Amino acid sequence: MEQGFNRRRFLLSTAGIAGGLALPAAPVFAQGAKKIRVGLMLPYTGTYASLGTAITNGFKLAVDEGGGKLGGREIEYFTVDDESDAAKAPENANKLIKRDNVDVLVGTVHSGVALAMARVARETNTLLIVPNAGADEITGPLCSPNIFRTSFSAWQPSYAMGQVMADRKHKNVVTLAWKYSFGEQSVAGFKEAFEKAGGKVVKEMYLPFPNVEFQPYLTEIAALKPDAVFVFFSGGGAVKFVRDYATAGLRSSIPLYGPGFVTDGTLEGQGEAAEGMLTTLHYADNLDLPKSKSFKAAYFKAFKMQPDVFAVQGYDAAQLFAAGLAQVNGDVGKRADMIKAMETATIDSPRGAFTLSKAHNPVQDIYLRKVEGKENKFVSVAAKALADPARGCRM
Amino acid sequence: MAELVLSARGMSRRFGGLYANRDVSLDMHKGMLHAVLGPNGAGKSTLINLLSGDLPPSAGQILYRGEDISGWSPDKRSRAGIGRSYQRTNIFPAFTVFENCRLAAQSRTPRALRIFSKAVAFPDLRDAADRAIEQAGLAERRDVVAATLSHGEQRQLEIAMVLATAPSVLLLDEPLAGMGPEESQSMVALLKKLTPDHAILLVEHDMDAVFAVADVITVMVTGQVLESGPPDQIRDSVAVQEAYLGEGEPDDE
Amino acid sequence: MDFSTFLIQLLNALQYGLLLFLVASGLTLVFGIMGIINLAHGSFYMMGAYMAFALTALSGNLLVAILVGIALSVLIGFLLEWALFSRLYKRDHLDQVLLTYGLILIFEELRSLLVGDDVHGVPIPELLSASIQLSETLSYPVYRLFMSAVCILLAIVMYWLIRHTRLGMMIRAGSSNREMVQALGINIDLIYRIVFGLGVTLAAFAGMLAAPVSSVYPGMGNQVLIICFVVVVIGGVGSVWGALVAALLIGLADTFGKVIAPDYAGLAVYVLMAAVLLWRPEGIFRRI
Amino acid sequence: MPLPRNKTRNYLPLVLLVLALFPVFGSSYYNELIAKIMIMAIFALSLDLLVGFTGLVSFGHAAFFGAAAYSVVLLSPKYDPGNLWLVLPAAVLTGAAVAFVVGLFVLRTKGIYFIMVTLAFAQMIYFVFHDTPLGGGSDGAFLNVKPELRIGEKVLLDLNEPMQFYYIVLAFLVVAYVFLRVLLRSPLGHALAGIRSNEHRMQSLGFPVFLYKLASFVTAGGLAGLAGFLSACQYGFVTPEILSWHQSGNVLLMVILGGMGTLNGAAIGAFAFVVLQEVFSALTKHWQLLMGAVIVTVVMVLPGGLSSLPQRLKGLLIGGGNRNG
């Protein structure tokens, strides 16, 4: 069976190389048009696929509203499906940066992937706009002149929730989250505000990501009898937890709170079990703002569906980039001027206008929302113009 | 009396509630060929498997040069000098005859750590292999891939591989099975030639061959030793004739 | 932990263990009898859950959905066995492993193409939607108890099927030696087809039964697959009885691991596995 | 599987030449891609020692790769380059040591059960990194600065330099390939071939089969550790996913795709696998569907892998004779 590898076979395999290389490399030769090269590295498959699509839609909507141009130049998109797989993240980011030579990298949803992207962006000095991932580090220790975020930090909604829950006279609270950095940061943000306001976190419970066998924890909560529970899960985990919490009969005796991700994009699956739940986020489904209404209408017209917070974040990513490009008339070579313009821009977002902190994270209002029907309805402003403390950022 | 090499003492083996071997005792001496006869299911193969270590005994002892080896693994017994052949040909089919034997010889001098030397470069292994091939009468087929050998030749290779390990005990499980008359004759001649230097246990159905070569014969029935002694004693034994020979020719397995 | 909490945790452990048994039983059957490591087993579980979702949405009734789903699963099992697996029995185990590995990718993408990547809930049937008050604050959903009862019932049925029926006898014979059984005039091809169909159906049924409490989401099959393998490894290849014991042990290790050593909860199950394998390299029980 | 016999292999220098000259023409992205393929080739070669040459079908090979990759991150100082003299041997030893411990358990089993148990143990090691604070949990851990080789004050090799990294990977691929070639024709290699062909007979011939298998397992673990080391250095980032059963499945697939039991096959398999991934993922977001279809097709109609393809084609053209059931 060990039959030497003859020349014909070798030729076949080199043909393979050539084929493999030629295919993805083709777009490189579109230089004449001088388009702006936008790299979208987002999840298009797997659990977060719908989020990736919403962000892409939002981004493209903003570009289309500007006549398909940003800063007077046409846009060319390069997309990579990051599969929410952190292990492949550096490689995928390199595909866009080194193979496709993009001018800006936009991504992503998953925090682990985004952290890896931030490192690559720092190393290669590529402009990066994060349209979702909330890991505190991105605008904390990893902050950099070329890294921006148009979404939130994990700390923000949770910190706001700490104040809300203290205001609602809860004294003893149990927290439950997945044991990974976003979960831990959410709990930390909550705890900071809640304990500052005089509350006490009786027990912090974590379960391995993405484990969804909640029953032992629910039993534990029932035995501890806290005044309330602060929880962070997302996607399928959030659906299952909220349902399990309700069927365990805990909903009526121990109220459940959490950052908005627990009830965003998951209400269809959660059904009645989520009804009335209070969460905090920088967006609500029925904001009474002109920009929000026009955005919703335009989005519905373009994509035949209602936008969510992720679409807003994608939309704002494009707006932020546009603000920078407008300053330099589309000349991405003038990096310093462009970044300066982005730093000082006020983004007229469907969530309400926001500016950026020194660490490039939005300074924004966090809303208290209540689940009614299939919507997260605005209740009040939980924290006005809340800025992430950007711990560890030296910039 | 010749030197006692291997012996079983009250050896038993149960499968579930059934005894495949029950209280078997026998001795093997250097220079003597000890044949085991018995109908199908008499426990002859189990006996060999117990002696070679392929099966652990349920009770009893196996002594090798005075030492109790019943707990030893098959490879340890083999390295100590107990070689066996199989009833069903058990070779490396994709290797050549020479490679089969060379690998067998290698087990005596493992050299496992010499990973930077070529296995084919050791003259002692080559000589041992060639000697075994010569003895087994396969010299002309030395470089043929084993899978393409005739059945009889594969049986010869089976023996050659054991010989290449330079054993002092040979446990041979029906080496003549399926051989033609000519091949049988040369195998019988080989057994005779090997006897002076080895202690041999031969399990065989071919009566003529057994009586031609055996120094001692043990007859087993239903896992137990019926009678043991020189060929003449066995031939004349009433008990053996009643239990076994009386039934006429044993059928082939 | 007070005593009543302990008892409730014990109930949680049993309930989780029984569900694991249900998922893993099909895997261990296919594994033990056909000698196939079916990596796609988790995909069948996922398929079942999505069928429960889609068919409940269509018919409005979980029971109808489950009945139709079972019929579809049997069909899919037969088809796969006929089209793919039956051609590989003479091959190496490795080929079968890789085939099922390829099938995982295909099923996962088909799911994405057909149903999308959203998370969906499946309503608990009206009849079983009540809860039983266990302690002052905690109540236990009747549906979970119902699931456990179904799992126990299935365990009994499988035991009876394998021990006391002609089909079970042929299955047991088939697991020891394919050629020999064939020589006895038993239609081994048919037996294999039935066993594989049974394996697929058990996995899918577990998915359907669990859908109302687990909700349905992408990647749910992979999550359950590995833990099922651990069940089979601990229980011993092909042993349904072993799978039951192993699944219950895992339920206990996982539940109390989470309570006692939350930082290392994920490892508890594997420590259990290593301990069992140290004691018995081939699992607690061998064969059916 | 016959024993390795001498054959002419005059195309190898040519392959080497292409690989050595590639960075001169390739862009930085494709250099990284080829480096990745070479790392995967080392990984696949290490597995082929088990699957193809010892007959041990391990479905947990990623554990050794991943554990070694983690060791690089854990042993490197946070903000300074690690010392290559220390980090590289430590990574290889980690792979080998994990293989040793796992081997003590799994090598007591055979056949289909072996496949299962290796999978289960690899998953155990996956959870060690995934669920404990040891390596940053499910978020993974970063290697901020890649190791360098220095003598005194002089930096001889710096893995942060992409070009240097490329040639280091190439050198290690050659070393791994030659090492395995030499190993396979040594007495140990022949004994492993014997075990693959007929383990039972090897034991009755007097070979301590368990120790030989353990030696093979540990060696493969060490080589996988080398690949893990290089992989950690290439991306400066490790997550538990590199130990997952998908990774074990992928490397097994590379070995099968190329045709197991041939060193060249393992390397071809790694190449084909990565290129297929690259091409498919550029075609559609549902590329896994294509990948799955390729896997099923190879298993069903091409059991000997890609390197048997020319043989089979020839067989077909000449009119059969090479018909596999």
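Chains as they are written, first to last, in our numbering: chain S, 1 to 395; chain Z, 396 to 648; chain W, 649 to 936; chain R, 937 to 1261. Backbone N, C-alpha and C fix where the C-beta goes; we use that ideal spot for every residue, glycine too. This one's a predicted model, so the numbers in the text were calculated from it and none came from an experiment.
Please confirm if residue i has its CB atom under 7 Å from at least one CB of chain R.
i: Z:A514; result: yes
i: W:I839; result: no
i: S:P350; result: no
i: Z:N485; result: yes
i: W:L746; result: yes
i: S:K60; result: no
Compare the C-beta of residue i against all C-beta atoms of chain W and say whether one is closer than 7 Å.
i: R:I1204; result: no
i: S:P216; result: yes
i: S:G107; result: no
Helix, strand or coil for residue i? Go by DSSP, reduced to three states.
i: Z:D422; result: strand
i: R:H1182; result: helix
i: S:W178; result: strand
i: Z:A430; result: strand
i: W:R811; result: helix
i: R:V954; result: helix
i: W:Y912; result: helix
i: W:S707; result: helix
i: S:G16; result: The predicted position of S:G16 is uncertain, since its pLDDT is 41 and thus under 50; a value taken from the coordinates is nonetheless stated next. Here S:G16 sits in helix by DSSP.
i: S:D365; result: strand
i: R:R1248; result: helix
i: W:E930; result: coil
i: R:L1011; result: helix
i: Z:E599; result: coil
i: Z:T484; result: coil
i: R:F1108; result: helix
i: Z:G461; result: coil
How many Å lie between residue i and residue j at the Cα?
i: W:S734; j: W:G845; result: 12 Å
i: R:A1005; j: W:T748; result: 28 Å
i: S:A25; j: S:V80; result: Because the pLDDT of S:A25 is 40, which lies under 50, any placement of that residue in the model is unreliable, and the number read from its coordinates should be weighed accordingly. Those two C-alpha atoms are separated by around 14 Å.
i: R:A999; j: W:S887; result: 28 Å
i: S:N101; j: R:V1174; result: 25 Å
i: Z:L533; j: R:R1137; result: 20 Å
i: R:L1079; j: W:L762; result: 40 Å
i: Z:G643; j: W:K738; result: Low per-residue confidence applies at Z:G643: pLDDT is 47, beneath 50, and the placement is therefore not dependable enough to give any value.
i: S:P216; j: R:K972; result: 43 Å
i: Z:E622; j: Z:H429; result: 13 Å
i: Z:I477; j: Z:V564; result: 5 Å
i: Z:Q387; j: Z:A531; result: Given a span of 396 to 648 for chain Z in the structure shown, any question on residue 387 of chain Z remains unanswerable.
Spatial neighbours of residue i within its chain, please: C-beta separation below 8 Å, excluding the five flanking residues on both sides.
i: Z:G436; result: T617
i: W:Y791; result: I772, P773, L776, S777, P860 and V861
i: R:N1096; result: P1017, V1081, K1082 and E1084
Going by DSSP, what residues sit across from residue i in a beta bridge?
i: R:K1090; result: R:I1087
i: S:L70; result: S:R73
Can you find a CB in chain Z that lies within less than 7 Å of the CB of residue i?
i: R:R1132; result: no
i: R:G1047; result: no
i: R:F1143; result: yes
Leaving out the 5 sequence neighbours to the left and right, which residues in its chain are closer than 7 Å to residue i when beta-carbon positions are compared?
i: S:L96; result: G39, M41, F78, V80, V102 and L105
i: R:V1154; result: A1032, A1035, F1036 and G1039
Using beta carbons (cut-off 7 Å, strictly below), is residue i in contact with chain S?
i: R:H965; result: For clarity, residue 965 of chain R is Tyr in the given sequence; the question names His instead. It does: the Cβ of R:Y965 has a partner Cβ on chain S nearer than 7 Å.
i: W:K738; result: no
Can you name, in chain order, every residue of its own chain whose Cβ lies under 6 Å from the Cβ of residue i, other than the five neighbours on each side?
i: R:G1130; result: M1138
i: Z:E578; result: G547
i: S:T47; result: G235
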